[in-house]
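Asks:
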């Protein structure tokens with residue numbers, strides 16, 4: 001197992017009132033909750049304790065993680081276990097598609113761990129999962145939150161060929177902090193990944209987390225870089241430290257500053273900007289299906 005880098009312990013900052021999460025409620029949420037429990041279905045919404053689970057499930061959106069739950073990378077912000085992944089389960093696409101159908105998901109978000117151990121980076125399972133969901137739930141739209149495939153773009157193209165409605169890849173943080181936050185990733189490689197997605201004529205999405213010590217100017221520069229890469233949709237949220245061994249929170253960003261980032265992002269040219277303390281990659285994902293320009 002690869003150990004996470006140990007960050008020097010600092011006094012933990014008290015969580016502000018604006019980060020309090022309401023308990024999920026509502027008829028649609030209760031319906032999905034019962035399906036998940038009765039059929040023992042798995043979603044990253046649940047296992048990741050997403051603060052927006054109730055709202056998303058109520059809107060008919062759910063997120064599924066494929067290719068196992070052990071990642072080959074050790075990003076200092078991420079709660080997913082790092083180590084040697086298990087063998088790929090060849091029936092996983094069918095199982096995910098069955099879950100989507102049972103839950104009657106209207107908009108499905110799929111993500112995965114990084115599988116740098118595989119020659120194809122897991123792209124074959126990615127493509128098969130999209131096809132399986134389309135076969136069982138033809139009315140369901142999809143967003144795929146992809147890894148960078150180590151810059152082996154033939155693997156990325158295998159997924160893009162399935163034409164998911166939205167394709168996302170997160171840069172996670174600003175250029176200066178990338179080596180500290182995303183240890184085995186590269187800022188420019190992520191931008192190149194996003195450019196490939198955009199040039200394929202697909203709705204292109206990316207996200208960043210705040211609270212690592214980035215400056216406002218650095219966030220604006222990241223916005224410009226993403227726009228240059230062809231990104232249409234931007235999500236901006238607050239980083240929350242999963243455990244004491246993960247990267248410390250340097251700052252809690254006030255909702256007014258998130259509102260400013262949304263205003264500036266839209267003015268710069270993004271078609272959609274979701275910006276707020278509790279915003280996550282798939283937040284309001286079902287609302288990102290804007291018409292593509294011909």
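In UniProt numbering, the protein residues as written are 1 to 294.
Backbone N, C-alpha and C fix where the C-beta goes; we use that ideal spot for every residue, glycine too.
1) What residue ranges within the region 179-249 form continuous beta strand (DSSP E) runs of no fewer than 3 residues, ordered along the chain?
2) Enumerate in chain order the residues of its own chain whose CB-to-CB distance from residue 225 is below 7 Å, with the five nearest sequence positions on each side excluded.
3) Where are the alpha helix (DSSP H) runs, 4 residues long or more, that stay fully inside the region 50-134, in chain order?
4) By Cβ distance, which residues of its chain are closer than 7 Å to residue 16, with the 5 residues on each side in sequence left out?
5) Since residue 382 sits in a beta bridge, which residues does DSSP pair it with?
6) How would you write the range of the beta strand (DSSP E) that residue 156 sits in, first residue to last?
7) Comparing alpha-carbon positions, which option in 141, 78 and 228 lies nearest residue 188?
8) Helix, strand or coil, according to DSSP, for residue 293 in the structure here?
9) From the DSSP output, in three-state form, read off residue 167 for me.
10) Roughly how many angstroms lie between the CA atoms of residue 223 and residue 265, to the nearest whole one?
11) Using the DSSP secondary-structure output, state which residues sit across from residue 146 in a beta bridge.
12) With 16 other CB atoms within 10 Å as the buried threshold, where does residue 13 fall?
13) I'd like to know whether the C-beta atoms of residue 168 and residue 145 end up nearer to each other than 8 Å.
14) Terminal residues of the continuous alpha helix (DSSP H) containing residue 267?
15) Rounded to a whole number of angstroms, what is the C-alpha to C-alpha distance between residue 133 and residue 96?
16) If distances are taken between C-alpha atoms only, which option among 217, 232 and 164 comes closest to residue 195?
17) How should residue 9 be labelled, buried or exposed, when 16 other C-beta atoms within 10 angstroms of its C-beta is the threshold for buried?
18) Taking a contact to mean a Cβ-Cβ separation below 8 Å, would you say residue 77 touches residue 208 in this structure?
19) Could you give the distance in angstroms between the alpha-carbon of residue 274 and the alpha-carbon of residue 81?
20) Nearest CA to the CA of residue 118: which residue from 268, 104, 291 and 147?
21) Does the separation of the CB atoms of residue 93 and residue 70 fall below 8 Å?
22) When DSSP labels each residue in this structure, what does residue 251 get in the three-state scheme?
23) Could you check what DSSP says for residue 139 in three-state terms: helix, strand or coil?
Replies: Checking against the coordinates, here is how it stands:
1) 203-210 and 233-238
2) 191
3) 53-58 and 92-102
4) 252
5) No information on residue 382 is available, as it lies outside the stretch 1 to 294 that the chain covers here.
6) First-last for residue 156: 153-160, but that is the alpha helix (DSSP H), not the beta strand (DSSP E).
7) 228
8) coil
9) strand
10) 7 Å
11) Per DSSP, none; premise fails for residue 146.
12) exposed
13) yes
14) 255-268
15) 7 Å
16) 232
17) Note on residue 9: pLDDT 48, under 50, position unreliable in the model; the coordinate value appears next. With fewer than 16 Cβ atoms within 10 Å of its Cβ, residue 9 is classed as exposed.
18) no
19) 28 Å
20) 147
21) no
22) coil
23) coil
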